[in-house]
Each structure stands twice: as structure tokens, then as C-alpha cells.
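Asks:
There are 2 protein chains.
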Amino acid sequence: MRIGELAERAGTTTRTLRYYESLGLLPARRTGNGYRSYDEEDLRLLQQIRTLRDFGFELEETRPFVECLRSGHPAGDSCPASLEVYRRKLAELDECIARLSAIRERVGTQLAQAERARAELEAAATAPEGAPEPRCELTPPGQ
Amino acid sequence: MRIGELAERAGTTTRTLRYYESLGLLPARRTGNGYRSYDEEDLRLLQQIRTLRDFGFELEETRPFVECLRSGHPAGDSCPASLEVYRRKLAELDECIARLSAIRERVGTQLAQAERARAELEAAATAPEGAPEPRCELTPPGQ
DNA sequence: TCTGGCCTTGACGTCAGGGTCAAGGTCTAC
DNA sequence: GTAGACCTTGACCCTGACGTCAAGGCCAGA
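Line by line, the protein sequences are chains A and B.
Residue numbers for the first sequence follow this note's numbering, beginning at -17 and rising by one.
Residue numbers for the second sequence follow this note's numbering, beginning at -17 and rising by one.
1. Taking only beta carbons into account, state which residues of the segment 85 to 104 of chain A come closer than 9 Å to chain B, listed in chain order.
2. Among the residues of its own chain, which have a CB less than 8 Å from the CB of Pro9/B, if the five just before and after it don't count?
3. Within its chain, find whatever has a CB closer than 7 Å to the CB of Pro46/A; leave out the 5 residues flanking it on each side and keep chain order.
4. In angstroms with no decimal places, state the Cα-to-Cα distance between Arg(-16)/A and Gln95/B.
5. So, Leu28/B versus Ala80/B, is the Cβ gap smaller than 7 Å?
6. Which residues of chain B have a Cβ atom closer than 8 Å to the Cβ of Phe37/A, listed in chain order?
7. Exposed or buried, Ala101/A, counting other C-beta atoms within 10 Å across all chains shown (16 or more means buried)?
8. Quick one: residues in its chain with C-beta nearer than 7 Å to the C-beta of Leu51/A, no 5 flanking neighbours on either side, listed in chain order?
9. Going along chain A, which residues have a C-beta under 9 Å from Ile31/B?
10. With a threshold of 8 Å on Cβ separation, who are the neighbours of Glu7/A within its own chain once the five nearest residues in sequence on each side are excluded?
11. With a threshold of 7 Å on Cβ separation, who are the neighbours of Cys118/B within its own chain once the five nearest residues in sequence on each side are excluded?
12. Taking just the CA atoms, how far does Pro56/A sit from Leu(-12)/A?
13. Can you grab the Cα-Cα spacing for the pair Ala99/A / Phe37/B, in whole Å?
14. Helix, strand or coil: which one does DSSP assign to Arg(-9)/A?
15. In whole angstroms, what is the alpha-carbon distance linking Leu(-1)/A and Asp24/A?
16. Could you tell me the alpha carbon to alpha carbon distance between Glu(-10)/B and Asn15/B, rounded to whole angstroms?
17. Just to check my reading of the structure: Arg86/A and Leu75/B have Cβ atoms closer than 8 Å, yes? What is that Cβ distance to the nearest angstrom?
18. By how many angstroms is the C-alpha of Thr(-5)/A removed from the C-alpha of Tyr1/B?
19. Could you check which residue in Thr33/A, Gly90/A, Leu5/A has the C-alpha nearest to that of Lys71/B?
20. Using 7 Å as the limit for Cβ to Cβ distance, is Tyr2/B near chain A?
21. Tell me, please, which residues DSSP counts as bridged to Arg64/B.
22. In chain B, which residues lie less than 8 Å from Ser173/A when you measure between Cβ atoms?
23. With 8 Å as the C-beta to C-beta threshold (strictly closer), list the residues of the segment 3 to 18 of chain A near chain B in chain order.
24. In chain A, which residues lie with their C-beta within 9 Å of the C-beta of Ile(-15)/B?
25. By the three-class DSSP mapping on this structure, what secondary structure does Arg(-3)/A have?
26. Which chain B residues are close to Arg26/A, counting only those with a beta carbon under 7 Å from its beta carbon?
27. Where Glu97/B and Arg69/A are concerned, what is the direct C-alpha to C-alpha distance, given to the nearest angstrom?
28. Buried or exposed, going by whether 16 or more other CB atoms sit within 10 Å of the CB of Arg18/A?
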């Protein structure tokens, strides 16, 4: 099959396939007229790449899986190098989740605190004997 | 103070400060010879930006905080626009954490499964009556 | 006066993962 | 024989937040 058909069947674009080829990730054979030629096996490799990418793997990280499949293994993650990538990714994910959770806590705390401060400010503003309102912008010049 | 000193005191670079100025985020006054001139207030604004950035806020998202400070408020998050950014960021963080957690589960499952498969394969390989080993690569031609 | 350090603007590079266009070759159907 | 769909390479564009380099201005100390 040619590049357009493969792209369509895999739900991607021809540009992407040429890009993968330029990285040596998914080389293509050529027909007599120079057109790229792919088979069902290439579709499997490509699906492996796209699946991993959807999980947030970088393209370079998908390489061991693709080479594992290409060397005849039934699954891309049958090889030690792929398992190593899985483990690295798990550690990365754990660290990232922990970092984001810590930030989430801090931002949540900041928001709650700032909301309390604002509520106090507004309460003071509605009270007739409160502090002078902060008329920052758009105060009519006549007043 | 000049750009080099501000950069050093804020723990960033002169390039970064020029970049912020090009965005209109942290404009600088100029001295007679054209050098940028900053004061302690600018340092506060810059610190606000850097703190938010460390939390993963994009530069544009820090703008309400900076403008809030610049308009005389005691804290960058005293203004409604800043609170709105906080809330948006919280939602973003929650979604991101949820997404990463789901992926983490799937990758963890995949890893465990692949490890089991490999263990079985190796057990079969050591057992003399096992299934034929997958001699994928480097099988000597004589054998 | 010279040297070294700071400053200026402008322009290009980086990283990933492609999008988009141009100019042209190929193939199929009518 | 020609229109239209497909293919080719090459080249430039995009995002974000800067890094890096070039070529030159300004200023303080020896």
C-alpha cells in the first residue's frame, strides 16, 4: 500500500509518516517510480508507535518497541529494552504526578487564602464605616 | 539597578528580562545612555512572575498577577482576574493529574503483563522440553 | 589610552511533532 | 489526451521560553 492509504488506515497523515521515516523509525520500501510502499506489518509498527505516543512516550522512546516487533517478537514489549522503557516511564510518571500534586496543593492553598482576603475586603467595603474602597480604575473625574 | 543586577538578584538571565520586556510583561525605564533601569518594585514583579512560572503557569497567565501588583495591590492575587487564573489552573492541574494517573495505571499493567510473559518464556527456554526458543537474531548459520 | 566588563539590538537556533505550500512527476479513468 | 487524484522532495511555519552569537556602544580602573 502507498503512503496515503497507510496514513488513513492508521489515522494519521502522510507528513507524519515521512517524518517517522526521516527519523529512521519507520523506513519504507520503494516501488519502481519512487513511491513509498508499505505492508500490513508496517501498519502494526505504526499502530505501536501511535499507541505509545498517546501514552505520552516520546518518539525515541518508541524505538525499542518498534525494533522488538520488527525482529519478529509477537509484541513490542517482549524485549528487555522495551521493559526498561516501561520502567523509566513509570518512574517519570510517578515523579510528575507527585510534583503536580504538590503544586496543586500549594495553588489550592493560595486560592483559598486569597479568597478569604478578598471576602474580608469586600465585607469592609460594604460596611459604611469601613476602610476607603480601593477605587482603582474608572473613577469619574467629577467625583 | 541595571539589567545584569536584576537578573542576578532574581536568579534569572538578562535574556529572560529582555524577553519579558518584549512581551510587555516587565517594561523597563531607560537611563540617558539607553541602559534599562529597574527598581525594587520591578524585582517584586519579577519574583511574582518567576514564582508562578515555577508552578507551571505560562507567562501570559502571570500577567494578571503582575498587573494587580502594579496597580498598587499588596499581593498579586488580590484581584479577581488572578483568582480566575488560580481556578483555571487548579482545574487544569486536576485534569492533568487524572490523565497521568490513568496512563500510569495502564503502563503499570502493561509492564506487569509483559514481565510475566517474559518470565514464562524464559522458564520455557530453560526447560529442555519447552517450546522452540525464538532464535530471532544472531543465530549462527551453521546451526 | 587601553582593557575588561557591562550594555544594546537583531537575528538565528533549540526541541517535538508535525502543518502547509510549491513545483513537479505518475497513474488511472473517461 | 487530458483532468484529477495521488505521489515526490524541499522548504518554510508554528508553539514557548528562552540560549547563543554578532557587532558594536558605554564606562570604570590601571
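Glycine is no exception: its CB is placed at the ideal position from the N, C-alpha and C atoms.
Replies: From the atom records:
1. Ile85, Arg86, Arg88, Val89, Gly90, Gln92, Leu93, Gln95, Ala96, Glu97, Ala99, Arg100, Leu103
2. As a position in the second sequence, residue 9/B is number 27, starting the count at 1. For Pro9/B, where only same-chain residues beyond five positions count, the Cβ hits under 8 Å are Glu3.
3. Mapped onto the first sequence, residue 46/A falls at position 64. For Pro46/A, where only same-chain residues beyond five positions count, the Cβ hits under 7 Å are Cys61, Ala63, Ser64, Val67.
4. Reading the first sequence from its first residue, position 2 is the one you call residue -16/A. Reading the second sequence from its first residue, position 113 is the one you call residue 95/B. Taking the straight line from one Cα to the other gives about 35 Å.
5. Indexing the second sequence from 1 puts residue 28/B at position 46. Indexing the second sequence from 1 puts residue 80/B at position 98. Contact: no.
6. For this step, residue 37/A is matched to residue 55 along the first sequence. Near Phe37/A (Cβ distances below 8 Å), the residues of chain B are Ile85, Arg88, Val89.
7. Position 119 of the first sequence, counting from 1, holds the residue named residue 101/A. That one is exposed.
8. Along the first sequence, read from residue 1 onward, the residue named residue 51/A stands at position 69. Cβ neighbours of Leu51/A beyond the five flanking positions: Arg26, Leu27, Gln30, Gly58.
9. Walking along the second sequence from the start, residue 31/B turns up at place 49. Correct list: empty, because the minimum Cβ distance to chain A is about 15 Å.
10. On the first sequence, residue 7/A is found 25 positions in, with the first residue counted as 1. Reading the sequence as shown, one finds Leu at residue 7/A and not Glu. Only Ile31, Leu41, Thr44, Arg45, Val48 meet the Cβ criterion.
11. Working through the second sequence from its first residue, we reach residue 118/B at position 136. Confidence at Cys118/B is low in this model, with a pLDDT of 25, below 50, so the placement of that residue should be treated as unreliable; the coordinate-derived value is given next. For Cys118/B, where only same-chain residues beyond five positions count, there are no Cβ hits under 7 Å.
12. Locating residue -12/A in the first sequence gives position 6, counting from the first residue. Locating residue 56/A in the first sequence gives position 74, counting from the first residue. Their Cα atoms are separated by approximately 21 Å.
13. For the purposes of this step, residue 99/A is taken as the residue at position 117 of the first sequence. For the purposes of this step, residue 37/B is taken as the residue at position 55 of the second sequence. If you take the alpha carbons of Ala99/A and Phe37/B, they lie about 21 Å apart.
14. As a first step, residue -9/A must be located in the first sequence, where it is residue number 9. Of the three classes helix, strand and coil, the one that applies to Arg(-9)/A here is helix, per DSSP.
15. The sequence position of residue -1/A within the first sequence is 17, counting from 1. The sequence position of residue 24/A within the first sequence is 42, counting from 1. When rounded, the distance between both Cα atoms is 11 Å.
16. By 1-based counting over the second sequence, the position of residue -10/B is 8. By 1-based counting over the second sequence, the position of residue 15/B is 33. Going from the Cα of Glu(-10)/B to the Cα of Asn15/B covers about 22 Å.
17. Numbered from its first residue, the first sequence carries residue 86/A at position 104. Numbered from its first residue, the second sequence carries residue 75/B at position 93. About 4 Å separates the two Cβ atoms, so the contact holds.
18. Mapped onto the second sequence, residue 1/B falls at position 19. Mapped onto the first sequence, residue -5/A falls at position 13. Straight-line Cα distance between these residues: approximately 35 Å.
19. To locate residue 71/B, count along the second sequence from 1; it is residue 89. The shortest Cα separation from Lys71/B among Thr33/A, Gly90/A, Leu5/A belongs to Gly90/A.
20. Indexing the second sequence from 1 puts residue 2/B at position 20. For Tyr2/B, the answer is no, since every Cβ of chain A falls outside 7 Å of its Cβ.
21. Position 82 of the second sequence, counted from the first residue, corresponds to residue 64/B. Residue 64/B is actually Ser in this sequence, not Arg. Partner(s): none; Ser64/B has no beta bridge.
22. The requested residue 173/A is not part of the displayed model; chain A covers only -17 to 125.
23. none
24. For the purposes of this step, residue -15/B is identified with residue 3 of the second sequence, where counting begins at 1. Per Cβ cutoff of 9 Å: no residues; Ile(-15)/B is ~29 Å from chain A at best.
25. In the first sequence, the residue the question calls residue -3/A occupies position 15. It is helical.
26. The sequence position of residue 26/A within the first sequence is 44, counting from 1. Within chain B, no residue comes near Arg26/A; the closest Cβ sits about 16 Å away, beyond 7 Å.
27. Here residue 97/B is taken as the residue at index 115 of the second sequence, counted from 1. Here residue 69/A is taken as the residue at index 87 of the first sequence, counted from 1. One C-alpha to the other measures close to 11 Å.
28. Mapped onto the first sequence, residue 18/A falls at position 36. By the C-beta density criterion, Arg18/A is buried, having at least 16 other C-beta atoms within 10 angstroms.
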